[in-house]
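Heads up: the sequence shown at position 75 corresponds to 75 in full-length UniProt numbering, and the numbers run straight through without jumps.
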Amino acid sequence: WARRLWDLRAHRVIPYHFSLRWDPYHGEFFHQYHHAVSHSWTDTMPEAYTDVNGREWPVPLPTGITLEAVRNELLNLGAEYAWLDAVCLRQHSSSHASESIRVEEWEVDIPTIGTIYERAKVVRYYNGLGVPFECRGWSGPRHWLRRVWTIQEIREDSIPAGLPEGLEAGDLIKQKSMEDGRTLEDYLKPVIALEKDLMRQFYEDDMLTVLKLATELKGRFATNPIDKIAAFGALLRTSHIPLYKGDMDLEDAWDLLVRHMPAEILFVFLWEISIPGKGKYKWKPSWDQL
Numbered sequence: 001w002a003r004r005l006w007d008l009r010a011h012r013v014i015p016y017h018f019s020l021r022w023d024p025y026h027g028e029f030f031h032q033y034h035h036a037v038s039h040s041w042t043d044t045m046p047e048a049y050t051d052v053n054g055r056e057w058p059v060p061l062p063t064g065i066t067l068e069a070v071r072n073e074l075l076n077l078g079a080e081y082a083w084l085d086a087v088c089l090r091q092h093s094s095s096h097a098s099e100s101i102r103v104e105e106w107e108v109d110i111p112t113i114g115t116i117y118e119r120a121k122v123v124r125y126y127n128g129l130g131v132p133f134e135c136r137g138w139s140g141p142r143h144w145l146r147r148v149w150t151i152q153e154i155r156e157d158s159i160p161a162g163l164p165e166g167l168e169a170g171d172l173i174k175q176k177s178m179e180d181g182r183t184l185e186d187y188l189k190p191v192i193a194l195e196k197d198l199m200r201q202f203y204e205d206d207m208l209t210v211l212k213l214a215t216e217l218k219g220r221f222a223t224n225p226i227d228k229i230a231a232f233g234a235l236l237r238t239s240h241i242p243l244y245k246g247d248m249d250l251e252d253a254w255d256l257l258v259r260h261m262p263a264e265i266l267f268v269f270l271w272e273i274s275i276p277g278k279g280k281y282k283w284k285p286s287w288d289q290l
């Protein structure tokens, strides 16, 4: 579960367990339904301290966007508790104490972000947090469609946000890119199909899915190259996920992830791939070879 949630009515960030409700009939606490905001970070994200997160770290927001505006839209969409990385995931700070805590929290929080979206109603901003939807820049390195982390946030029943006046949610997927004329549905279809494949239990013939995932992730953009390997591990939904270390060597991170992969994938690495690995171990492909 998430470490923190944004209580939209109180307009403050709270520990996750504060959102639990008591069930007198069963004599136990139960989890509240929450929303999770999926967005990509824009080129310019000015930072400012806010009382919403207790001023623990500066909150980055796109130019001209306020937390109050995002909060109002989420409330209008029926949300009460929401997970938004800018306020719920500790961000970089000039404070040495805060940075030490961030590194420690990210070891666990980054690899498990995907589970937050699995258990939430997802609200999606395509052009940046709080930014109105546009039919341009879909292939750009900062667009929601091209970022590494957003692939694990794709849900067919997501709620689109940031819609300009006159554009209904049902008409959104029929919008066409101004660059190549393809519809938003065309862009989303292969990724949604990949997500469905990943939801199934792995068998020996699922190596194609693994290779598709590697190809998809390598074709996307990330601030830190190791994020692609971390996202790979999160999407495989292994029983154990390595801790996130942003300064780790890519091949070392890949070797660590392989140790936690399902046995069916390791079987294919060992017996079905005839090309020797170029990394530390010859029985499996290196990250660079995928």
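We put the beta carbon where it would ideally sit given N, CA and C, even for glycine.
Below 8 Å on the Cβ atoms is my contact criterion, and I expect W57 with R90 to pass it. Report the Cβ-Cβ distance as a whole number of Å. About 6 Å separates the two Cβ atoms, so the contact holds.
Problem set entry | For V70 and K176, the rounded distance between their alpha carbons | So the two alpha carbons sit approximately 26 Å from each other.
Exercise for the section: Taking I116 as the reference, give the member of I192, W138 and W83 with the closest Cα. Expected result: Of the listed residues, the one whose Cα sits closest to I116 is W83.
Start and end of the alpha helix (DSSP H) containing D85? D85 to C88
| said: Is the beta carbon of V87 closer than 8 Å to that of W6? | reply: yes
Worksheet item: Taking the C-alpha atoms as reference points, what is the distance between I113 and G233?
Response: Between I113 and G233, the C-alpha separation is close to 11 Å.
task = Could you tell me the boundaries of the alpha helix (DSSP H) in which S100 lies?
result = H96 to D109
Legend entry - Spatial neighbours of I192 in its chain, beta-carbon cut-off 8 Å, leaving aside the 5 residues before and after: Only I154 and E156 meet the Cβ criterion.
Should G166 be labelled buried (16 or more other beta-carbon atoms within 10 Å of its own) or exposed? exposed
- Using a Cβ-Cβ cut-off of 7 Å (strictly less than) and excluding sequence neighbours within five positions of R21, which residues of its own chain qualify? F29, F30 and Q32
In angstroms, rounded to a whole number, what distance separates the CA positions of V52 and V59? V52 and V59: Cα-Cα distance of roughly 9 Å.
| With C-beta atoms as the reference, is H39 less than 8 Å away from Y125? | yes
Distance, L208 Cα to L243 Cα:
26 Å
message = Checking the sheet assignment: what are the DSSP bridge partners for S38?
response = R124
- Query: Do L8 and L61 have their C-beta atoms within less than 8 Å of each other?
  - Reply: Cβ atoms of L8 and L61: not closer than 8 Å.
Next on the checklist: So, at 6 Å on beta carbons, what are the nonlocal neighbours of P141 in its own chain, with the 5 sequence-adjacent residues on each side left out?
Outcome noted: Same-chain partners within the cutoff: F221.
*By how many angstroms is the C-alpha of A231 removed from the C-alpha of residue 293?*
Limits of the chain in this structure are 1 at one end and 290 at the other, which puts residue 293 out of reach.
Discussion item. Three or more C-beta pairs under 8 Å: does that hold for the stretch 131 to 139 against the stretch 177 to 190?
Written reply: yes
Review point. What are the boundary residues of the alpha helix (DSSP H) that E134 is part of?
Key: No alpha helix (DSSP H) contains E134, which DSSP labels as neither H nor E.
Item to complete: Return the first residue and the last residue of the alpha helix (DSSP H) that I229 is part of.
Response: From DSSP, the alpha helix (DSSP H) with I229 extends over I226 to L236.
Open item on the list: Less than 8 Å between the beta carbons of E251 and G219, yes or no?
Closed with: No, these two residues do not count as a Cβ contact at 8 Å.
By the 10 Å Cβ neighbour count, where 16 or more other Cβ atoms means buried, how is S100 classified, buried or exposed? The residue in question, S100, is exposed, as its Cβ has fewer than 16 Cβ neighbours within 10 Å.
- Item | Distance between E80 and H17 (C-alpha atoms, nearest Å) | 15 Å
**Prompt:** How about D43: is its C-beta nearer than 8 Å to some C-beta of chain D?
**Reply:** Annotation note: the requested chain D is absent from the structure, which comprises a single protein chain.
Per-residue DSSP class, three states only, for T183: strand
Check: What is the DSSP secondary structure of L5, reduced to helix, strand or coil?
Finding: It is a strand residue.
Quiz item: Enumerated in chain order, which unbroken segments of the alpha helix (DSSP H) with a length of 4 residues or greater are wholly contained in the stretch 153 to 178?
Solution: none
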